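S.K.: Position 241 of the sequence shown, counted from 1, bears residue number 244 in our numbering, the numbering being contiguous throughout.
We treat Cβ as the ideally placed atom computed from N, Cα and C, and that holds for glycine.
This one's a predicted model, so the numbers in the text were calculated from it and none came from an experiment.
Before we start, here is the structure in question, set down as structure tokens.
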Amino acid sequence: MSISKETVLEKLRTIKGPDFEGDIVSLGLVSEIFIADSKVFFSITVPAARAQELEPLRAAAERAVKSLPGVAGAVVALTAEKKGGGMEAAPPRPAPPRPAPARPAPPAAPASTQSGKRGVPGIEAIIAVASGKGGVGKSTTAVNLALGLAALGLKVGILDADIYGPSMPKLLGIKGKPTTVDGKILRPMEKYGLKVMSMGFLVEEETPMIWRGPMVMSALTQMLREVEWGALDVLVVDMPPGTGDAQLTMAQQVPLAGAVIVSTPQDLALIDARKGLNMFRKVDVPLLGIVENMSYFIAPDTGKRYDIFGHGGARNEAQRLGVTFLGEVPIEMAIRENSDAGTPIVVAEPNGPIAEVYRGVAARVLERMRAESASSSAAGPAIVFE
Ligand code: ADP
């Protein structure tokens, strides 16, 4: 049985508006509904300041639609766009050029950035992937960026620093535990050509992760320094979401060559993304740029592009803040399904358009790393006037 937009709207009329007045459909908060392969996509417009408070409303709408017979899945996003996320098809864009297959030279470790922090022998550069809040696709981006860098010919590792909610074992479909070299140093796990370390390999999934600050730091330090990473061009660190003290300490403790911020297009997430940018600025870590995730939607039947989630916010914001815009990743059911199956899209569909998007992001990240390391070594000692 195929589901119709009318049936979805009918169901959404049972969801009350933000102040329990009216319903979200009558209040005009629901964007156009898009249905493809029995999966339903739409967004709900809310005031930016109330985004967090209204998360239950988003979840209720998603649940309601998923409960309808004939619905295989639902993706609902909150958006702060005043225009209400219309379904205008955006003009087609040329595909980004595919990066040259030749093995690029690895980025040189930055000379003066974050000087004083001990590097990790054998690792040329460590970069962080961070987000201002959870659920924006940070881990998905981190793993596909790492695979994109590997596809460019680099030797790449990934360190899952999300100690409270490690996701790399699942995203990469890795089971088992790392072995030790001499009872102390751990051998990283390996998958799809990446070296991988995660707290998820070391503790059972059910173990409650009640860590105090210093324990979190020592776990991270161990995963960084007491692992036989071997020679790596880049180690990608999947940071825990948010910009609290724990994240700040990590950003301070790890000798980072740069940081990539992941954001969704809505203003809501961008407010958090700005906090992420500021956090790295505070600890003197160069910003490599912003990736906009769940940016637009491509209809599987027509290939037409739809900007239902208020796309473009991150690009404008990056420009305003003078930060590089690294690329935009569409919202795509295959990304979620492949993540759940432990085969990230860059390895599951290496010739598909999404893998190409991630390789483009990886190429720009690499370019920015080179530029940063060149400028930091050219800068020489800073002269400070007191
Ligand atoms: P975070 O690390 O920011 O908490 P995740 O990477 O775990 O976010 O992603 C959250 C959820 O969104 C996951 O179910 C993931 O599969 C899904 N997801 C991430 N990016 C996309 C995308 N571009 N299209 C569709 N689903 C996505």
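1. Please state whether the Cβ-Cβ distance between Gly292 and Val332 is less than 8 angstroms.
2. Using a 10 Å radius around the Cβ and a threshold of 16 neighbouring Cβ atoms, would you call Pro391 buried or exposed?
3. What do you get for Arg391, buried or exposed, if any count of 16 or more other CB atoms within 10 angstroms of its CB means buried?
4. Between which two residues does the beta strand (DSSP E) carrying Glu24 extend?
5. Between which two residues does the alpha helix (DSSP H) containing Asn319 stretch?
6. At which residues does the alpha helix (DSSP H) containing Asn296 begin and terminate?
7. Is Glu331 near the ligand ADP, going by C-beta to nearest heavy atom under 7 angstroms?
8. Would you check if the distance between the CB atom of Val240 and the CB atom of Ala365 is smaller than 8 angstroms?
9. Could you tell me if the beta carbon of Met202 falls within a distance shorter than 7 angstroms of some heavy atom in the ligand ADP?
10. Taking 7 angstroms as the cut-off, does the CB of Val28 come closer than this to any heavy atom belonging to the ligand ADP?
11. In this structure, does DSSP put Phe3 in helix, strand or coil?
12. Just checking, does the stretch 237-253 make contact with the stretch 130-141 on the three C-beta pairs under 8 angstroms criterion?
13. From Tyr361 to Ser5, what does the alpha carbon distance come to, in whole angstroms?
14. Could you round the C-beta distance between Leu189 and Val230 to whole angstroms and report it? I think they count as a contact, below 8 angstroms.
15. Would the beta-carbon of Lys141 be found less than 7 angstroms away from any heavy atom of the ligand ADP?
16. What residues in its chain sit with their C-beta under 7 angstroms from that of Phe283, if we drop five residues either side in the sequence?
17. Is the beta carbon of Gln250 sitting closer than 8 angstroms to the one on Pro258?
18. Rounded to the nearest angstrom, what separates Ala358 and Thr144 at their Cα positions?
19. Return the CA-CA distance between Asn354 and Glu340, expressed in angstroms with no decimal places.
20. Please identify the residue among Gly233, Ala39, Val350, Pro181 whose C-alpha is closest to the C-alpha of Leu175.
21. Go ahead and label Phe23 buried or exposed: buried means 16 or more other beta carbons lie within 10 angstroms of its beta carbon, across all protein chains shown.
22. According to DSSP, is Gly138 helix, strand or coil?
23. If you measure between the beta carbons of Leu197 and Leu150, is that distance less than 8 angstroms?
24. Within the present structure, is the beta-carbon of Glu65 separated from the nearest heavy atom of the ligand ADP by less than 7 angstroms?
25. If you draw a straight line from the C-alpha of Gly203 to the C-alpha of Gly186, how long is it?
26. Counting only runs that start and end within the stretch 127-183, where is the beta strand (DSSP E) found for 3 or more residues in a row?
27. In the DSSP assignment, find the unbroken alpha helix (DSSP H) run with Ala67 in it and report its ends.
28. Hey, quick one: how far does the alpha helix (DSSP H) through Asp248 stretch, first residue to last?
29. So the candidates are Val265, Ile27, Thr246, Gln322; which of them puts its Cα closest to the Cα of Asn281?
30. Shorter than 7 angstroms, the distance from the beta carbon of Pro244 to the closest heavy atom of the ligand ADP, or not?
31. With hydrogens ignored, establish whether the beta-carbon of Met297 is closer than 7 angstroms to any heavy atom of the ligand ADP.
32. Assign Ile274 to one of three DSSP states: helix, strand, or coil.
33. Please work out which residues of its chain come closer than 7 angstroms, Cβ to Cβ, to Leu324, disregarding the five sequence neighbours upstream and downstream, and give them in chain order.
34. When burial is assigned at 16 or more other CB atoms within 10 Å of the CB, is Pro169 buried or exposed?
35. Alpha carbon to alpha carbon, how far is Val146 from Met336? Give it in angstroms, no decimals.
M.R.: Quick look at the numbers:
1. No, they are not a contact pair.
2. Coverage of the chain is limited to positions 4 through 389, which leaves residue 391 absent and any answer about it impossible.
3. Nothing can be reported for residue 391: it is not among the residues displayed for the chain, which extend from 4 to 389.
4. No beta strand (DSSP E) contains Glu24, which DSSP labels as neither H nor E.
5. Per DSSP, Asn319 belongs to the alpha helix (DSSP H) from 316-324.
6. Asn296: not part of any alpha helix (DSSP H); member of the beta strand (DSSP E) spanning 290-301, first to last residue.
7. For Glu331, the shortest C-beta to heavy atom distance toward the ligand ADP is 7 angstroms or greater.
8. Val240 is not a Cβ neighbour of Ala365, given a cutoff of 8 angstroms.
9. Met202 Cβ: outside cutoff for every heavy atom of the ligand ADP.
10. Remark: the shortest separation between the CB of Val28 and any heavy atom of the ligand ADP does not fall under 7 angstroms.
11. Because residue 3 is not part of the residues shown, which for the chain are 4 to 389, the question remains open.
12. The stretch 237-253 vs the stretch 130-141: in contact.
13. Each residue's Cα considered, the two are about 33 angstroms apart.
14. The pair is a contact, with the Cβ atoms about 5 angstroms apart (cut-off 8 angstroms).
15. Yes; taking the cut-off as 7 angstroms, the Cβ of Lys141 has a heavy atom of the ligand ADP nearer than that.
16. Within the same chain, and ignoring the five residues on either side of Phe283 in sequence, the residues whose Cβ sits closer than 7 angstroms to its Cβ are Ala254, Ala262, Leu290.
17. Taking 8 angstroms as the Cβ cut-off, Gln250 and Pro258 do not qualify as a contacting pair.
18. If I take the Cα positions, the gap works out to 11 angstroms.
19. Their backbone Cα atoms lie some 17 angstroms apart in a straight line.
20. If we check each option's Cα against that of Leu175, Val350 comes out closest.
21. With fewer than 16 other beta carbons inside 10 angstroms of its own, Phe23 counts as exposed.
22. Gly138 falls in the coil class under three-state DSSP.
23. Yes.
24. Answer for Glu65: no, Cβ out of range of the ligand ADP.
25. When the Cα atoms are used, Gly203 and Gly186 turn out to be separated by approximately 19 angstroms.
26. List check, beta strand (DSSP E) in window: 159-163.
27. First-last of the alpha helix (DSSP H) with Ala67: 58-69.
28. Asp248 -> alpha helix (DSSP H) spans 248-256.
29. Sorting Val265, Ile27, Thr246, Gln322 by C-alpha distance to the C-alpha of Asn281 places Thr246 at the top.
30. True, at least one ligand heavy atom lies under 7 angstroms from that Cβ.
31. Distances taken from the Cβ of Met297 to the heavy atoms of the ligand ADP include one shorter than 7 angstroms.
32. Shown here, Ile274 sits in a helix according to DSSP, grouped into three states.
33. If we look at Leu324 and ignore the five residues flanking it on each side, its Cβ neighbours are Leu280.
34. By the Cβ-count criterion, Pro169 is buried, with 16 or more other Cβ atoms from all chains shown falling within 10 Å of its own Cβ.
35. Taking the straight line from one Cα to the other gives about 17 angstroms.
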